[in-house]
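5 is the number of the first residue of the sequence shown in my numbering; add one for each residue after it.
Each residue gets a CB set at the ideal place from its N, CA and C atoms; glycine is no exception.
In what follows, a single structure is set out as structure tokens and then discussed.
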Amino acid sequence: MRRIWAILVALSVLMFFFYRIMPTLPEFGNVEMFRKSTFDIIHKSTKGPYDAREFKKSKNLEEGSANVVTSIVVNYRSFDTLGEVTVLFISAFGAGLMLGSLRSNRRITFDEHNVLITASGVALPLIFLLGSYVFIHGHLSPGGGFPGGTILALGILLLALARNDFQVAGTKYVEQISGAGYVVVGLAGLAISGAFLANFLPTGTLGELFSAGVVPFVYALIGFKVGAELAGLISDLREGGA
Numbered sequence: 005m006r007r008i009w010a011i012l013v014a015l016s017v018l019m020f021f022f023y024r025i026m027p028t029l030p031e032f033g034n035v036e037m038f039r040k041s042t043f044d045i046i047h048k049s050t051k052g053p054y055d056a057r058e059f060k061k062s063k064n065l066e067e068g069s070a071n072v073v074t075s076i077v078v079n080y081r082s083f084d085t086l087g088e089v090t091v092l093f094i095s096a097f098g099a100g101l102m103l104g105s106l107r108s109n110r111r112i113t114f115d116e117h118n119v120l121i122t123a124s125g126v127a128l129p130l131i132f133l134l135g136s137y138v139f140i141h142g143h144l145s146p147g148g149g150f151p152g153g154t155i156l157a158l159g160i161l162l163l164a165l166a167r168n169d170f171q172v173a174g175t176k177y178v179e180q181i182s183g184a185g186y187v188v189v190g191l192a193g194l195a196i197s198g199a200f201l202a203n204f205l206p207t208g209t210l211g212e213l214f215s216a217g218v219v220p221f222v223y224a225l226i227g228f229k230v231g232a233e234l235a236g237l238i239s240d241l242r243e244g245g246a
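Below you can see the structure in the form of structure tokens.
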């Protein structure tokens with residue numbers, strides 16, 4: 005009986021939406037872009053009139069990231085991104101606790117192979133370089149702290165697979181310093197600009213490496229934090245926590 009009532013209520017809501025709400029909506033393709041907040045975000049003009057933006061020419065914009073996604077993720081909704089980083093920390097912390105309770109005191113090892121050891125020595129600098137590039141250039145091109153940090157952690161995983169004597173150390177300190185640094189940036193924005201995580205540094209020229217204010221610094225902090233947390237999980241798994 006409850007299922008029947010649930011179906012009837014759902015059908016009633018759908019009928020109300022299609023017959024009363026849908027007719028009031030604009031036709032597909034006829035939405036006025038100037039009414040959308042995304043238009044202001046894309047053109048970096050949420051606080052003022054719209055002006056043309058030119059790559060490598062426009063200076064001192066409201067938000068200086070050439071990558072529109074970065075403008076949203078690390079500037080206009082940076083507080084939400086801080087929450088996402090916190091969720092990742094809680095997830096890694098919970099997984100570490102669970103793995104610790106299941107620890108078998110038996111370290112997982114692999115048969116070392118000269119090819120893998122040699123290849124890891126060649127590939128590791130390239131992996132770290134790529135990961136660093138991804139989060140350092142996150143405000144200019146697709147990338148950012150989350151994928152960049154994941155790439156860094158892949159380098160740690162490669163070392164763990166290649167060498168049985170490899171020890172992951174210092175990840176907790178890197179994670180803590182990076183997380184605290186993110187909060188410090190937010191407090192600095194509150195003190196200087198009057199809003200938590202406000203972009204208080206000059207935004208520079210659109211498309212230049214040194215642009216977008218605090219965004220590159222925030223992405224670097226996120227990259228190191230994500231990389232350290234994932235590397236810590238790799239260490240827990242290898243030390244017999246599974």
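The alpha helix (DSSP H) that contains N118, what's its start and end? 118 to 140
Determine which residues share a DSSP beta bridge with T209 and list them. K63
According to DSSP, is S145 part of a helix, a strand, or is it coil? coil
Give the range of the alpha helix (DSSP H) segment to which Q180 is assigned. Note, Q180: alpha helix (DSSP H), 175 to 197.
Let me confirm a value: F139 is counted as buried when at least 16 other C-beta atoms fall within 10 Å, else exposed. Which label applies? buried
Out of G185, A199, T175, V222, which has the shortest C-alpha to C-alpha gap to A235? T175
Backbone secondary structure at A235 - three-state DSSP: helix
What is the rounded straight-line gap between the Cα of F214 and the Cα of G208? Roughly 7 Å separates the two Cα atoms.
For L65, which option in E212, A232, I121, V222 has the closest C-alpha, if you only look at C-alpha atoms? E212
Whole-Å CB distance - G193 paired with A184, under 8 Å assumed: Their Cβ separation, rounded to whole angstroms, is 15 Å, which puts G193 and A184 out of contact at 8 Å.
Do V73 and K229 have their C-beta atoms closer together than 8 Å? No, they are not a contact pair.
Among A123, L225, S82, whose alpha-carbon lies nearest the alpha-carbon of Y177? L225
V172 versus L210 - alpha carbon distance: 39 Å
Would you give the residue range spanned by the alpha helix (DSSP H) that A14 belongs to? 6 to 20
Nearest residue (CA-CA) to A157, options P129, I181, G217: P129
Since V219 contacts V78 with CB under 8 Å, what's their CB separation in whole angstroms? 5 Å
Length of the line joining the Cα atoms of G147 and Y23: 43 Å
Can the beta-carbon of I131 be found less than 8 Å from the beta-carbon of G149? no
To the nearest angstrom, report how far apart W9 and S16 are at their CA atoms. Those two C-alpha atoms are separated by around 10 Å.
Under a three-way DSSP split, which group does G217 fall into? coil
Do G142 and G231 have their C-beta atoms within less than 8 Å of each other? no
Would S239 be called buried (16 or more neighbouring beta carbons within 10 Å of its own) or exposed? buried
Where the alpha helix (DSSP H) containing S69 begins and where it ends: First-last for S69: undefined, no H or E at that position.
Per DSSP, what kind of secondary structure is R242 in: helix, strand or coil? helix
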